[in-house]
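Using the working numbering, read the sequence shown as starting at 406 and increasing by one per residue.
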Amino acid sequence: MAKIKVVSDVLQANDVLADCNQRLLREKNIWSINFMGSPGAGKTTVLEKTVKELRNTLDIGVIEGDIYTAKDAERIEKYDIPVIQINTDGGCHLDANMVQKALEDFDLNLLNLMVIENVGNLVCPSDFALGEEAKVMAMSITEGADKPLKYPSMFRNSEVLLLNKMDLLPACDFDMDAFEEDVYSINPGIEIIKVSAIKEEGLEEWYQWLIAKVEEVQECA
Ligand SMILES: Nc1nc2c(ncn2[C@@H]2O[C@H](COP(=O)(O)OP(=O)(O)O)[C@@H](O)[C@H]2O)c(=O)[nH]1
Ligand SMILES: [Mg+2]
Numbered sequence: 406m407a408k409i410k411v412v413s414d415v416l417q418a419n420d421v422l423a424d425c426n427q428r429l430l431r432e433k434n435i436w437s438i439n440f441m442g443s444p445g446a447g448k449t450t451v452l453e454k455t456v457k458e459l460r461n462t463l464d465i466g467v468i469e470g471d472i473y474t475a476k477d478a479e480r481i482e483k484y485d486i487p488v489i490q491i492n493t494d495g496g497c498h499l500d501a502n503m504v505q506k507a508l509e510d511f512d513l514n515l516l517n518l519m520v521i522e523n524v525g526n527l528v529c530p531s532d533f534a535l536g537e538e539a540k541v542m543a544m545s546i547t548e549g550a551d552k553p554l555k556y557p558s559m560f561r562n563s564e565v566l567l568l569n570k571m572d573l574l575p576a577c578d579f580d581m582d583a584f585e586e587d588v589y590s591i592n593p594g595i596e597i598i599k600v601s602a603i604k605e606e607g608l609e610e611w612y613q614w615l616i617a618k619v620e621e622v623q624e625c626a
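Written as structure tokens, this is what we have:
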């Protein structure tokens, strides 16, 4: 019983900070996503392609979450956009407090999109709000079609599911019909976008989705 109380207190405290982050980002007319998925799903690869394609269209900032190392931030830095690495030092997800500190290191007046790549983990990240406008997840074909029912939380909370590594479909025993049925049974409104980040295939729909979201904010500003 005591344990349950502690967990709910932690989540409540996190929600307060997440609201602060969201208010700050909204004040600056920045649209933001919490980008989640297993280690190796292809989140950073998707992000690299996205930044390469859209850096002249959108003003993108990136927060990279990782347990240790700055490897992902180094990959994004090459595209000459602002990026901050957070190390959770053992923690399996980002929280709003970490993001609040990272936001202090950006010039938010220069941005209209903030992408937060969460720690690679299919379970914990979706329970912790960071202040984002939308949760997006990447999953790769190689993870197996049974994952939505086994790890439903992230699928339930995401607006978009980037189903990555479609180039490997012929090599995998992946039941696409069962997968889609399971995903929609958990979250009927989710948008599944099938991509191969490495081959830069299928990403146009994702780019258009992002651009439309950012433009919506700018129109209302
Ligand atoms: N075959 C294939 N490999 C990919 C694709 N996207 C990413 N990868 C590879 O998957 C591995 C993990 O990618 P990464 O972007 O680091 O995943 P993250 O841990 O989710 O950020 C790397 O070796 C990538 O080159 C893809 O579309 N197809
Ligand atoms: Mg990564």
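All C-beta atoms, glycine included, are put in the ideal place defined by N, C-alpha and C. All of these numbers come straight from a predicted model, not from anything done at the bench.
Residue i: first and last residue of the uninterrupted alpha helix (DSSP H) it sits in
i	result
Leu-535	Neither: Leu-535 is in no alpha helix (DSSP H) and is coded neither H nor E.
Glu-458	448-459
Glu-609	608-625
Val-479	The question names Val, but residue 479 in the sequence shown is Glu. Where Glu-479 is concerned, the enclosing alpha helix (DSSP H) stretches over 476-482.
Where the beta strand (DSSP E) through residue i begins and ends
i	result
Asp-627	Past the boundaries of the shown model lies residue 627; the chain is included only from 406 to 626, so the question cannot be answered.
Leu-566	565-569
Ser-590	Premise fails: Ser-590 lies in the alpha helix (DSSP H), 581-591, not in any beta strand (DSSP E).
Glu-596	596-599
Ile-438	436-441
8 angstroms contact criterion, which residue i and residue j should meet: CB distance rounded
i	j	result
Arg-460	Ile-486	6 angstroms
Ala-501	Ala-423	4 angstroms
Gln-490	Glu-469	5 angstroms
Asp-578	Leu-554	Asp-578 to Leu-554, Cβ: 17 angstroms. No contact.
Gly-607	Ala-543	So it is not a contact: roughly 12 angstroms between Cβ atoms.
Val-451	Ile-465	Contact flag wrong, Cβ pair sits at about 13 angstroms.
Asn-562	Ser-590	Incorrect: roughly 15 angstroms between the Cβ atoms, too far for contact.
Val-541	Ile-438	5 angstroms
Short Cβ contact (8 angstroms threshold) for residue i with residue j
i	j	result
Glu-596	Val-565	yes
Ile-598	Met-519	no
Lys-552	Ser-601	no
Tyr-484	Val-528	no
Asp-471	Asn-492	yes
Asn-592	Phe-560	yes
Glu-522	Phe-440	yes
Val-488	Val-504	no
Glu-605	Lys-454	yes
Trp-611	Leu-567	yes
Gln-623	Asn-514	no
Leu-429	Val-619	no
Leu-535	Asn-426	yes
Ser-545	Ala-475	no
Closer than 7 angstroms: residue i CB and nearest ligand 3 heavy atom
i	result
Asp-587	For ligand 3, the structure offers nothing, since it holds only ligand 1 and ligand 2.
Cβ of residue i within 8 angstroms of any chain D Cβ
i	result
Val-467	Although the question refers to chain D, the structure presented lacks it and comprises just one protein chain.
Beta strand (DSSP E) runs wholly inside the region 484-559, at least 3 long, in chain order: 488-492, 518-522, 539-545, all fully within the region 484-559.
Contiguous beta strand (DSSP E) assignments of at least 3 residues, all confined to the region 413-437: none
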